[in-house]
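Here's the structure, in structure tokens; my notes come after.
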Amino acid sequence: MNWIMKSQPNLKILITERQIKNKIKQLAKEISRDYKGKILLLIAVLKGSFMFLADLIRELSVDIEIEFIELSSYGNSTESSGEVSVIKWLTKEIENRDILLIEDIVDTGLTVSTLLNKIKSHKPSSVKVCSLTSKPARRETDVPIDYLGFEVPNKFIVGYGIDYNEIYRNLPEIYYLENE
Ligand code: IMP
């Protein structure tokens, strides 16, 4: 299955498995240093961040808890509607907790900015953002990314958890779609 998908001519490699692994080790080191002695609550945004989360937490040396949230996504197109609606929200109180939001991509920034406002309204001790990728060329609203994996060009990317119409999430590398 993987072989068939990777052989599609419009999938171009952008970030290799080795580059992702190395970057995650580096990010985990920084996060572990910054949250030493604390219990960190990771809030992962489904579905795109699941693979990043799974690899990142195995490199962390601090105690963590995990929560998942899910928002409306692109659906069948590669353009965001700009509207963010909640499909699944937190299952526990986050007041006085140290929160790290885990994202796959910060594109326009609207998702993270909406989430940060919602999370802050629950009065956590601290909130930071960790994103595997960022597309600065597409930004519409300024959002802080405290821990960033890779800046990517203004192209539609897939793989390593990130989809196009729900496929390609299982690719271990990150690709871009050539004609999008
Ligand atoms: P934002 O609200 O525009 O920052 O978009 C964030 C969300 O859009 C991400 O979490 C992804 O689900 C989706 N997205 C943005 N760019 C891409 C892409 O290149 N490939 C796949 N999904 C994307």
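For the sequence shown, my numbering begins at 105 and goes up steadily by one.
The C-beta atom is built at its ideal place from N, Cα and C for all residues, glycine as well.
Do Asp-202 and Lys-133 have their CB atoms nearer than 8 Å?
Between Asp-202 and Lys-133, the gap from beta carbon to beta carbon reaches 8 Å or more.
Find the nearest neighbour of Leu-160 within the set Lys-259, Val-231 and Leu-131, judged by alpha-carbon distance.
The candidate whose alpha carbon is nearest that of Leu-160 is Leu-131.
Would you tell me roughly how many angstroms separate the C-alpha atoms of Gly-179 and Tyr-268, rounded to the nearest one?
Residue placement at Gly-179 is flagged as unreliable, the pLDDT there being 49, under the threshold of 50; the coordinate-derived value follows with that caveat. Here the alpha carbon of Gly-179 sits roughly 9 Å from the alpha carbon of Tyr-268.
Which ranges does the alpha helix (DSSP H) cover as unbroken runs of at least 4 residues, wholly within the segment 135-218, from first to last along the chain?
154-161, all fully within the segment 135-218.
Best match in Ile-128, Glu-163, Thr-218 and Met-155 for proximity to Gly-263 [C-alpha to C-alpha]
Ranking the options by Cα distance to Gly-263, first place goes to Met-155.
Pick from Thr-215, Arg-137 and Asp-208: whose alpha carbon is nearest that of Asp-167?
The closest CA to that of Asp-167, considering only Thr-215, Arg-137 and Asp-208, is found on Arg-137.
Please determine whether the Cβ atom of Glu-207 lies at a distance below 7 Å from any heavy atom of the ligand IMP.
The answer is yes for Glu-207.
Work out the CA separation of Pro-240 and Ile-266 for me, nearest whole Å.
Between Ile-266 and Pro-240, the C-alpha separation is close to 18 Å.
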